[in-house]
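In my numbering, the protein residues as written are 16 to 177.
Glycine included, every Cβ here is placed at the ideal spot set by N, Cα and C.
Following: one structure in structure tokens, then a few remarks.
If you want it as structure tokens, here you go:
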């Protein structure tokens, strides 16, 4: 089974693909979708849409997973993130791919055993759990962590389908 992990952001949406065969996980690919702050919001969202469409068509994931996002104190930032999340939510639906959502502390705990782990600890565990993987940046590392979490928790979190 192929899993797509997604870490949405208006500036750099992370993505990661892993393969799950029984209890064994293997790295397939990862990356991020950068957008320029100089570009219009609609063009930035279109870039995310276009790149995710390409990723889904190329890697053909069976399921997708995303992190639950909490609102930022800056309303404008929260609104832009919500728009990026909307695009990220839409893409799996277009391809009839089930999408699952996990809380940030569940992701950290699933990988490190600690719900308040920092990004470096999470990235270290991603590299340990997916030998040969060298995430492109923090966003793609987070996306891979989300995909790993889904593989580990998917049977007990069916109610988290969004």
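Asked: Euclidean distance between Cα positions of residue 100 and residue 69; Found: 17 Å
Asked: 8 Å Cβ cutoff, residue 57 in contact with chain B; Found: The displayed structure is made up of one protein chain only, and chain B is not part of it.
Asked: Own chain, CB closer than 8 Å to residue 83, minus 5 neighbours either side, in chain order; Found: 116, 117, 118, 119
Asked: Residues near residue 81 in its chain [Cβ-Cβ closer than 6 Å; skip 5 each side]; Found: 21, 116
Asked: Closest by C-alpha distance to residue 156, when choosing among 167, 168, 136; Found: 136
Asked: Sheet register partners of residue 32 (DSSP bridge); Found: 19, 44
Asked: Three-state class that DSSP yields for residue 110 in the structure shown; Found: coil
Asked: Burial state of residue 164 (16 or more Cβ within 10 Å); Found: buried
Asked: Beta-bridge pairing of residue 100 - partner residues as DSSP gives them; Found: According to DSSP, which records beta bridges pairwise, residue 100 is partnered with nothing at all.
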